[in-house]
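Enquirer: Quick note, the sequence shown lines up with residues 1 to 102 if you use the working numbering.
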Amino acid sequence: MRSKMILLLLVVFLMCAATPVFAQGGEQGGVSGNLNVVGAIVGMAIASGLCGLAQGKAVSSAAEALARNPAAGGNIQTLLVLGLAFIESLAIFTLLIVFVKG
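In structure tokens, the structure reads:
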């Protein structure tokens, strides 16, 4: 019962906090448009950096796994390529967002 009450209060609070959004007018140019582009570029930089770190860790782990068990090379390579594709998709989606915002 108590958890339902807390959840209800949380929903009411979030609905009250979101109402000022409806009072905002349309974008009128100026600094706001430039900040959106800068934010998208910073987001792309962060995503690219983290993708590079993740890909390095994935390749390192795959090389270590191959060194421990060379007979499992085919399975490891398949999973490595699949994992690298998923990691790279983050950077591609972020690049798409940069082009949509810009």
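Where is the CB? At the ideal position from N, CA and C, for every residue including glycine.
Just the Cα atoms here: how many angstroms apart are residue 65 and residue 54?
Expert: Cα to Cα, residue 65 sits roughly 16 Å from residue 54.
Enquirer: Give the straight-line distance between the Cα atoms of residue 35 and residue 59, rounded to the nearest whole angstrom.
Expert: Taking the straight line joining both Cα atoms gives about 36 Å.
Enquirer: Do the region 35-51 and the region 69-83 meet, that is, are 3 or more Cβ pairs less than 8 Å apart?
Expert: Short answer: they don't touch.
Enquirer: Is the beta carbon of residue 44 less than 9 Å from the beta carbon of residue 91?
Expert: Taking 9 Å as the Cβ cut-off, residue 44 and residue 91 qualify as a contacting pair.
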